[in-house]
Amino acid sequence: MIYEEVTSGSRTRRTLTGAARVLFALKIDGPLVVGLALIAAYGLVVLYSASGQNLPTVMRTGARLALGTAAMLLLAQINPNFLRRSTPWLYAGGCLLLLVVAAIGHIGMGAQRWLDLGLFRFQPSELMKLAVPMMCAWYLHERPLPPGWLSLAVLSVLIFVPVSLVVVQPDLGTAALIAIAGALVIVLAGLRLRVIAALFALGAVGAWFGWSFMHDYQRKRVLTFLNPQTDPLGAGYHIIQSQIAIGSGGVFGKGWMNGSQAQLEFLPERSTDFIFAVIGEEFGLLGLLVLLMLYVFVVSRAVYLATQTQDTFARLLAGSLALTFFVYVFINAGMVTGLLPVVGVPLPLVSYGGSSVVTLLAGFGILMALYSRRKLIGS
Amino acid sequence: MPAVRIKDHWREQRLFDQRSIICAVIMALATLGLVARLYVLQVSRHAYYSELSQGNRVRTEPIPAARGLILDRAGEVIAGNQPAYQLELVPEEVPDVDGTLASLVQLGLIRAEDVAELERTIDSSRSFDSVPIRLRMSDEDVARFAVRRFEFPGLDIRTRQTRWYPNGGLAVHALGYVGAISEQDLKHIDRATYAGTSLIGKLGIESAYESQLHGNNGFREVLVNAQGRSVERQGAFVPNLRTKPPTPGADLVLSIDLKVQRVAEAALAGHRGAVVALDPKNGDVLALVSLPGFDPTLFGRGITAGEYGTLSNDIDRPLFNRALRGTYPPGSTIKPGIALAGLTYHVVDPQAHKYCAGSFHLPGSSRMFREYHNEKHGYVDLDDAIARSCDVYFYGLADVLGVDRIATFLAPFGFGKTTGIDIGGEKSGILPSKEWKAKAFAKPADQVWFPGETVNFGIGQGYLTVTPLQLAHYASIIATRGRIWKPRLVAAYRDPHTGQMQHVPAQSEGEVSGVSAEDWDRVVHGMIGVTQRGTAAAIGAHAPYTFAGKTGTAQVFTVAQNERYNASAINERLRDHSWFIAFAPADAPRIAIAVLQENGGAGASAAAPIARKVLDAYLLTADGKVKPAT
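Line by line, the protein sequences are chains U and R.
Counting from 7, one number per residue, gives the positions in the first sequence under the working numbering.
Counting from 41, one number per residue, gives the positions in the second sequence under the working numbering.
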């Protein structure tokens, strides 16, 4: 018996080695893809419950995941040098599209985020989630690190232009994510810690300044974040209901499709931004810990891949993509649990809707492409 | 720092790794923070949140604020509130909205034609907000629903305040009306502040002052069971229930004097037309009439498609606010303005007599401009020309002035622009000029201003159009010898609790400059002549006060060059519009008025008697004496 198991084990190992070879040829990182697939599968199961057992919703999300996977596999094949050379064009094109969206929105007298391409709607701000960190990495690629004051100034402009165009859409959540993706490149490039400290001080001043330019609904979100009880009928409703959902789930949860908060629609946005609360209610603390572990695994693997790349562009970009993914998770989980204000960031790969799934998977495709080049540089 | 820095790849890799480690530590801490938060929610406070979610649910019910009252200047209620039963639906508690609405149609509680609109409103409301689906239920309706209530989860009968207009359609074109909040309205309002509110201002004062009238809704937390019905307590769980009382909306005190309004509506009753009376000293609107009107209560209780169709297809257009939105040629009422222009530009000698033979020709033209009814006035001076409304005199004066000088002079009197009255929908009319004509027409041949058009301008015909409100505003500017006040309907806010009044200051818009006091007096003298020996002498007779006026007749139907206008022979709706403007007492005016009667014929016979009744109502006591000025 034991002997047989060992032989069958070794056959398994052989096939695995074969599979590894295929993956290597396809420039795909096995552990990363498995991690992503597990999160997506978990997400689909939760979504079926969160959407009120709506199969078409699950199918549509599946289709988006498939599209994203295709984009990931395709991008993984790209030569990083080609990617780097085309970065300025991608960045400029993205900025141009943002301007077009702003112009259309202006003419149409209404705020707007997307371009209607007939078959589907395209959000240029999604493209900028990738293009901005790419541009920052491109800029720092040839320059000595840590970046000097002049470089910092140029980088600030490179980040500020698209971010401000997204802010006026107005889409504060996406704008913040784009800014964070760009800023992470700079931090990874070795920005001096005392500069970071100074920037935080500046940020505090900026926050005070920004407050005076905020829309009323945005201010209201900040205020009800600080004390949701002040507006139980309005803006505080989401946070109160999501905390009830998570808290009532306890350690083991109420069971799949058994969360009363989610199923009776006490919880708003249950299949989109607040799906984290559905997991908490139905699968409990354990369900959330499993999900968080999967995320941590994916992020750790991605950071590891980033450290293995061997030129500045690849390293900075890969690092930023990996860390941004974590930021997504943290902002969404933070807002649903009441640690952070409600800014409308979906839970990556789990929330229903939005083109962010495709962007995220495309980002991982780029990350794998960057990683696959390490040996060529080494040899 | 060295002058040239070289890329040190090994050092940069180390820097990157170092930073990655820092980031990894931060991420680990953040994750730990998150897990700690989850522990607090799901382990430490699990019992608390379970209680909230299981079986017992605390629901926050809005308490709608009482809508502010609308009062006339003497404090009489024009729009108030009355409690009524209404049927409300909470979308998240109704398993099958379509089926529920269909059953309600069968029960006769809602109308089949309203279902589509109701569904849209329900779809665009928040799932936990109570949506009114039937307003003002009769006792019988309430009983019919009550016995079948068990079939309708998520539906309930509530007592709510509804809008009540004790005088029916009185002053409806100033008041406007309230109606159920529509899908369209939901786009403009903050849903959280309107949770629990069923009616919203749609037009007139009700709409323009919506934010003041609405007030702030309060809320009350109630414990509800699984069926959504409120219960006292369940098991051991007694939550800490909170209440926030609503703040009622402010009462509005209008400048309108209902006594004057009633007299004006009665005098115009049976005709189509408008009356606007202003206090020339501050722009207060004393009466604003547009007839025919309609009953605003229809909209508050939910107007049926049939009722709405009857109103909107009525040939007399009761929904049309003639006072603000009807634009008509002013006819001869413009003559005082033309006379002032002539005097101010020094192109006319007021003492000089001109001969009126009943018609006027431009030099070198055969086109004939005729006198109304082909009258011949003989020799007239400026005073006579105003009093007896001599067209020939003003044809000549307009020709000498030229269109652009007339347009420039008349602009400060408010022609061609809205008066800025504090309710919406006002039209601006047209003050023609050469520049205006070049812009208004597409074909170059039409863009040229013809001298004949200036001649017609002199008697208020042609392109010049005005609203009754604008004409009253113009009369009030002449009354005060050039002071311009913005017309306003709301004179004060009244705190519904304390009764404390907060007055809205009158808004001055400067004055007409450049006209001498002498010239004002000359023209006013001519207008007094109108009511004493001129076109409206019959109306002015035996008035216990002197008043200045001017008749006007606006052509609807162009009479061919050689025909005679025969009022009885042509269709009633093609007859001339009848105008009268006036202010009184002439030396210290307290009221200025414009009256329009559509297709009323000559100004003196139709509009002027109405104006006299309104002036009497405002200025005289019950025993016919002039009230002392306040």
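Cβ coordinates follow ideal geometry from the N, Cα and C atoms, glycine included.
Just so we're clear, the structure is a prediction, and the values are computed from it rather than from any experiment.
Using the DSSP secondary-structure output, state which residues sit across from residue i in a beta bridge.
i, result
"P102/R", "F259/R"
"M177/R", "Y125/R"
"W204/R", "G120/R"
"P674/R", "There is simply no residue 674/R to check, as chain R begins at 41 and stops at 670 in what is shown."
"Y410/R", "The amino acid occupying residue 410/R in the given sequence is Arg; Tyr does not appear at that position. DSSP, once it has assigned bridges, lists S399/R as partnering R410/R."
"R151/R", "Paired residue(s): none; R151/R is not in a bridge."
"A35/R", "Nothing in the structure corresponds to residue 35/R, since chain R is present only between 41 and 670."
"I470/R", "T505/R"
"H617/R", "A594/R"
"R534/R", "D291/R, M541/R"
Is residue i helix, strand or coil by DSSP?
i, result
"M65/U", "helix"
"N611/R", "coil"
"R59/R", "helix"
"I631/R", "strand"
"L195/R", "strand"
"M541/R", "strand"
"T670/R", "coil"
"P369/R", "coil"
"Y419/R", "strand"
"M312/U", "For the sequence presented, residue 312/U should be read as Ala rather than Met. A312/U falls in the helix class under three-state DSSP."
"K33/U", "coil"
"Q637/R", "strand"
"A266/R", "Confidence at A266/R is low in this model, with a pLDDT of 44, below 50, so the placement of that residue is unreliable and no value is reported for it."
"S248/U", "helix"
"F280/U", "coil"
Compare the C-beta of residue i against all C-beta atoms of chain R and say whether one is closer than 8 Å.
i, result
"F332/U", "yes"
"G74/U", "no"
"F319/U", "no"
"L298/U", "yes"
"I186/U", "no"
"T313/U", "yes"
"A339/U", "yes"
"I250/U", "yes"
"F370/U", "no"
"L294/U", "yes"
"V169/U", "no"
Going along chain R, which residues have a C-beta under 8 Å from residue i?
i, result
"S254/U", "H86, Y89, S90, L92, S93, Q94"
"G290/U", "Q82"
Considering just the uninterrupted stretch of the alpha helix (DSSP H) at residue i, what are its terminal residues?
i, result
"I517/R", "508 to 519"
"S251/R", "250 to 254"
"D694/R", "Residue 694/R lies beyond the stretch modelled for chain R, which goes from 41 to 670, so this question has no answer here."
"F331/U", "318 to 343"
"G569/R", "557 to 572"
Hey, is residue i's beta-carbon within less than 8 Å of any beta-carbon in chain U?
i, result
"R260/R", "no"
"Q267/R", "Summary for Q267/R: the model assigns pLDDT 48, below 50, so the residue's position carries little reliability; its value from the coordinates is reported in the next sentence. With 8 Å as the cut-off, Q267/R does not count as an interface residue toward chain U."
"M67/R", "yes"
"D138/R", "no"
"E558/R", "no"
"L226/R", "no"
"S60/R", "yes"
"F56/R", "yes"
"T237/R", "no"
"L129/R", "no"
"L281/R", "no"
Report yes if the C-beta of residue i is less than 7 Å from at least one heavy atom of the ligand MN; otherwise report no.
i, result
"I110/R", "By its list of ligands, the structure shown contains no ligand whatsoever, and the ligand MN lies outside what it can speak to."
Determine the chain U residues that contact residue i at a beta-carbon separation under 7 Å, and present them in chain order.
i, result
"K47/R", "P150"
"A105/R", "Correct list: empty, because the minimum Cβ distance to chain U is about 14 Å."
"R77/R", "T343, L345"
Can you pull the chain U neighbours of residue i, defined as C-beta to C-beta under 9 Å?
i, result
"E52/R", "P150, L151, P152, A195, G196, T318, R321"
If you follow the beta strand (DSSP E) that residue i is in, where does it begin and where does it stop?
i, result
"T593/R", "588 to 594"
"L239/R", "239 to 241"
"S57/U", "Neither: S57/U is in no beta strand (DSSP E) and is coded neither H nor E."
Below 7 Å on C-beta distance, what does residue i contact in chain C?
i, result
"Q267/U", "The structure shown contains no chain C; its protein chains are U and R."
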